[in-house]
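>
Number of protein chains: 4
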Amino acid sequence: MSPIVSEEYKRKKKKEILAGALACFAKKGFQAATIDDIVAYSGISKGAIYNYFKSKEEIYLELLNEQTESANARLAENISKFSSAEEKLEYLFDLYRDMSPFSQERKDRITVQLEFTLHSSRDENLNRILNERGKKFFLKLITDIMEEGQAAGEFRPDTDPSHVSGLFWTFMDGAMLHRVINEEYPYKTIIDYVKSLVLQDLKQE
Amino acid sequence: MSPIVSEEYKRKKKKEILAGALACFAKKGFQAATIDDIVAYSGISKGAIYNYFKSKEEIYLELLNEQTESANARLAENISKFSSAEEKLEYLFDLYRDMSPFSQERKDRITVQLEFTLHSSRDENLNRILNERGKKFFLKLITDIMEEGQAAGEFRPDTDPSHVSGLFWTFMDGAMLHRVINEEYPYKTIIDYVKSLVLQDLKQE
Amino acid sequence: MSPIVSEEYKRKKKKEILAGALACFAKKGFQAATIDDIVAYSGISKGAIYNYFKSKEEIYLELLNEQTESANARLAENISKFSSAEEKLEYLFDLYRDMSPFSQERKDRITVQLEFTLHSSRDENLNRILNERGKKFFLKLITDIMEEGQAAGEFRPDTDPSHVSGLFWTFMDGAMLHRVINEEYPYKTIIDYVKSLVLQDLKQE
Amino acid sequence: MSPIVSEEYKRKKKKEILAGALACFAKKGFQAATIDDIVAYSGISKGAIYNYFKSKEEIYLELLNEQTESANARLAENISKFSSAEEKLEYLFDLYRDMSPFSQERKDRITVQLEFTLHSSRDENLNRILNERGKKFFLKLITDIMEEGQAAGEFRPDTDPSHVSGLFWTFMDGAMLHRVINEEYPYKTIIDYVKSLVLQDLKQE
DNA sequence: GATGAATGAGGTTTCATTCAT
DNA sequence: AATGAATGAAACCTCATTCAT
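Chains as they are written, first to last, in numbering that gives the first Met the number 0: chain S, 0 to 204; chain B, 0 to 204; chain H, 0 to 204; chain Z, 0 to 204.
1) Work out the CA separation of S:A70 and S:L140 for me, nearest whole Å.
2) Exposed or buried, what is Z:E114 when buried is set at 16 or more other beta-carbons lying within 10 Å of its beta-carbon?
3) Considering only C-alpha positions, which residue in the set B:Y49, B:L17, B:G148 is nearest to B:S82?
4) B:K55 to B:K26, Cα distance in whole Å?
5) Do we get a CB-CB distance below 9 Å when we pair B:A22 with the residues of chain S?
6) Please give me, in chain order, every unbroken run of the alpha helix (DSSP H) with length at least 4 that falls completely inside the stretch 21-102 of chain S.
7) Taking Cβ-Cβ distances below 7 Å as the criterion, which residues of the stretch 134-148 of chain S are in contact with chain B?
8) How would you label Z:K106, buried or exposed, when you count the other beta carbons within 10 angstroms and need 16 or more for buried?
9) Taking a contact to mean a Cβ-Cβ separation below 9 Å, would you say B:T110 touches B:V4 in this structure?
10) May I ask which residues mark the beginning and end of the alpha helix (DSSP H) holding H:A151?
11) Does H:A174 get closer than 9 Å to chain Z when you measure Cβ to Cβ?
12) Out of Z:N50, Z:S102, Z:F136, state which residue places its alpha-carbon closest to the alpha-carbon of Z:L74.
13) Taking S:E131 as the reference, give the member of B:K14, B:L94, B:N181 with the closest Cα.
14) By the three-class DSSP mapping on this structure, what secondary structure does H:P185 have?
15) Does the Cβ-Cβ distance between H:E153 and H:E85 come in under 9 Å?
16) Checking contacts by CB at 9 Å: is S:M0 closer than that to chain B?
17) With distances taken between CB atoms, is the gap from B:E7 to B:S41 smaller than 9 Å?
18) Thinking C-beta only, is S:G173 closer than 9 Å to B:L117?
19) Keeping to the same chain, check which residues put their C-beta closer than 6 Å to that of S:P160; ignore five residues upstream and five downstream.
20) Within 8 Å: the Cβ of B:Q30 and any heavy atom of the ligand GDP?
21) Which residues of chain S have a Cβ atom closer than 7 Å to the Cβ of B:S120, listed in chain order?
22) Using three-state DSSP, classify S:R121 as helix, strand or coil.
23) Alpha helix (DSSP H) containing B:L166: first to last residue?
24) Three or more C-beta pairs closer than 8 Å, one from the stretch 187-204 of chain S and one from the stretch 21-35 of chain B: is that the case here?
25) Taking any Cβ of chain B, which residues in the stretch 20-48 of chain S have a Cβ under 7 Å from it, in chain order?
26) Please list, in chain order, the chain S residues whose beta carbon lies closer than 8 Å to that of B:P185.
27) Would you kindly work out how many angstroms separate the C-alpha atoms of H:I37 and Z:I190, rounded to a whole number?
28) Assign H:V285 to one of three DSSP states: helix, strand, or coil.
29) Within 10 Å of its beta-carbon, does B:T33 have 16 or more other beta-carbons around it, so buried, or fewer, so exposed?
30) Report the residue from H:E183, H:E61, H:D157 whose alpha carbon sits nearest the alpha carbon of Z:S120.
31) Report the three-state DSSP secondary structure of Z:D191 (helix, strand or coil).
32) Thinking C-beta only, is S:D200 closer than 9 Å to S:R155?
33) Verify whether the separation of the beta carbon atoms of S:L129 and S:E61 is less than 9 Å.
34) In chain B, what lies closer than 8 Å to S:V197 by C-beta?
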């Protein structure tokens, strides 16, 4: 009885739903956005949405998974292209700097991501998962570069790699937050400023 | 001719409600926290809460006002005690650094504050107010110090004061966010690291 | 401990409360008017109101009692002054006609009275009481006059007194309703028209 | 691809809700009747009711619209069938007279209608709309007949048509009010009595 | 697979009444 | 007697989810 549709079709449909949900969650926040908002935005019926996701929360989680994974993949892939630690670090700063000007979709993702990050502080389990992932991926991404740079003599040896990594991600999250809430925030300039401070320091003998 | 309870009493009651609300909003988020949560937490009846505040939203706004104002007051007051720009800047870094270890209440406030900041990006009007206030108070606090330091020859003259200010607040928001979501985040160490980077740079001739 | 106040004082206070309640009930309706409205309007505290009346409903009922009784008293007293049935009937028509222009208070009373009358249709018991009273007082007031007039040969004998009476009160209620909802309703003119129709008919031999 | 239920189905559902609401409003009054009353009475869930109407007030207004429109349609349609003004006027009197004995539903409608009419006196805007409609439709209905009758020489020319019209509607509202609150009110007899008074007078040369 | 009407738990807010002072 | 803060039942309305078609 059920028309059997291709996996391709299903994937497309899911993407449509996720895109609608992202826009709605960004616009109103997860709690305030309703399934009807998503229906209105995506043009997909309520029943159909529940065919693809079993709850509003699941949509949210999938949305966040999706973005972390794609971000991770992109980063890991590109970083390996550079040979020196300095270039790698520079690349990371520039990568984030060049996100600006932000597309609406990127702003939406960031808003939703930050909101979710905050929300995670309320859920022991979620929090542990996120921190674990943060350590394993984000923190390590830069400590690896730092260690590489220090081993190669590019960077001063007396700086704790995890401090640089912590500083980087702390700063990027702060910058994205400010960018999202303030159109006039000098996102690029400030990232460049921090980049110069950090690199200057690291290269000091 | 009596239950005209003292203003003192009313103030105290309001504080109790706000304290309960803060805990609940921090624990669940503004949307997810219910009036019944606040009732359960504070032991104050639903009706009484509505005698003091006319809506859940009003409680939220009052909570945020309160914290901004107290923060503003504290900062402005203390900064003026120092005579050199360097000392002032150092004081600011140290002030934020020494917030750690965070009391539960401070974490709650920060969580709620960050959530609200994010939320504000969804409300044109609120957003404008917050950015205005940010510029007038937070940004200016540091650009003033910078200009003072540059005029006095303490700081190198070629750094844009607003970049330092932007960097500072970007960083502090990021650090508080990370601290709130990650118990193990080396908050103090990283703040000291950034402080050293910034001051080192500024004092370079 | 309780200051013992005079009966006079109490009566005055009750009147004040009733006056405030009348205005509020007229303005919003019994259900929609709140005790706080009455507090605001009368300037008397909530506690005090509950010292004099044991519920909002009791205030309402007292208000209606008050007006029926005063109306009854006025009518009965004045009617007896006239000697002929025709004069009495004319007096009644004129009495109602000359209520216009209506003071705000009168309009309020009428609104509340009509609302109550309607409301009474929902309460078996109340309904019976009101109909009883209506028969005993209002209906009888005019059937008595009619019978007097027919006995005296003033009025044609073949008209059922109760029909004239029914017509009169039906009409007056309708006219007051229209007057209350429509500023431009030609209240006096229409009453005079009906009066002329009725008297003309009754005096026909 | 289905539960796009037919328009027919929706209309029926709406009617069911309105019927339930009418009964509840009549029984308790608009304010006192609760959505849960309507749920209990109609057997339709709260959510479903809010799918069809966006507020309790909207249900009320629709109910009143419905009845005015159907009344208007019925009247306008039938009146035109008669050729003489006298017949038309007689038809109107008879139409209202023959509503009795009142079905429960008719009594409900009248109660709700009268309550609403009274209520309208509290809302400037509503009041204007209702009076406008009253003038345009109800008043005009009879002044037209009067003018027709006077032009044709059926009715005496010295009677102001608007007085007859005013008298008619004043009387009918009064009669319906009395009928609704008093089972024993001789509705038919009194209407016939008024009809005879009015027609007698109009036909006098 | 798609649709959207139906459900009802649960949220916010109001307000008559009580009662300590 | 007077006051008004406190109470909590009960009102209106929303919305995630289900399910008949």
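Built from N, CA and C at the ideal position, the CB exists for glycine as well.
To lay it out plainly:
1) Cα-Cα distance, rounded: 12 Å.
2) By the neighbour-count rule (16 or more Cβ atoms within 10 Å), Z:E114 is buried.
3) That would be B:G148, whose Cα lies nearest to the Cα of B:S82.
4) Between B:K55 and B:K26, the alpha-carbon positions lie close to 16 Å from each other.
5) No, B:A22 does not count as interfacial toward chain S.
6) Taking only runs of at least 4 residues, the alpha helix (DSSP H) segments lying wholly in the stretch 21-102 of chain S are 34-41, 45-51, 55-78, 84-96.
7) Cβ proximity to chain B below 7 Å picks out nothing from the stretch 134-148 of chain S.
8) Counting Cβ neighbours within 10 Å, Z:K106 comes out buried, since at least 16 surround it.
9) No, the Cβ-Cβ distance between B:T110 and B:V4 is not below 9 Å.
10) Under the DSSP assignment, H:A151 falls outside any alpha helix (DSSP H); it carries neither an H nor an E label.
11) Chain Z contact via Cβ: present.
12) Checked all of Z:N50, Z:S102, Z:F136; the closest Cα to Z:L74 is Z:F136.
13) Answer by Cα proximity: B:N181.
14) Of the three classes helix, strand and coil, the one that applies to H:P185 here is coil, per DSSP.
15) Yes.
16) Bear in mind that a pLDDT of 44 at S:M0, under 50, signals an unreliable position, so the number given afterwards is only what the model happens to contain. So no, S:M0 is outside the interface.
17) Result no, Cβ atoms of B:E7 and B:S41 do not sit closer than 9 Å.
18) The Cβ atoms of B:L117 and S:G173 lie no closer than 9 Å to each other.
19) Same-chain partners within the cutoff: T142, M145, E146.
20) Ligands in the displayed structure: none, and consequently the ligand GDP is not present.
21) Correct list: T110, V179, I180.
22) Residue state, collapsed to three classes: coil.
23) For B:L166, the uninterrupted alpha helix (DSSP H) segment begins and ends at 160-180.
24) Put simply, the stretch 187-204 of chain S does not touch the stretch 21-35 of chain B. Fewer than three CB pairs are less than 8 Å apart.
25) If you check each beta-carbon in the stretch 20-48 of chain S against every beta-carbon of chain B, the ones closer than 7 Å belong to K26, K27, G28, Q30, A31.
26) Result: S161, H162, G165.
27) Taking the straight line from one Cα to the other gives about 41 Å.
28) Nothing in the structure corresponds to residue 285 of chain H, since chain H is present only between 0 and 204.
29) Counting the other CB atoms within 10 Å of its CB gives B:T33 a total below 16, which places it among the exposed residues.
30) The shortest C-alpha separation from Z:S120 is found at H:E183.
31) It is helical.
32) Yes, the pair counts as a contact, with Cβ atoms nearer than the cut-off.
33) Going by C-beta atoms, S:L129 is not nearer than 9 Å to S:E61.
34) In chain order, L196 make up the part of chain B whose C-beta sits under 8 Å from the C-beta of S:V197.
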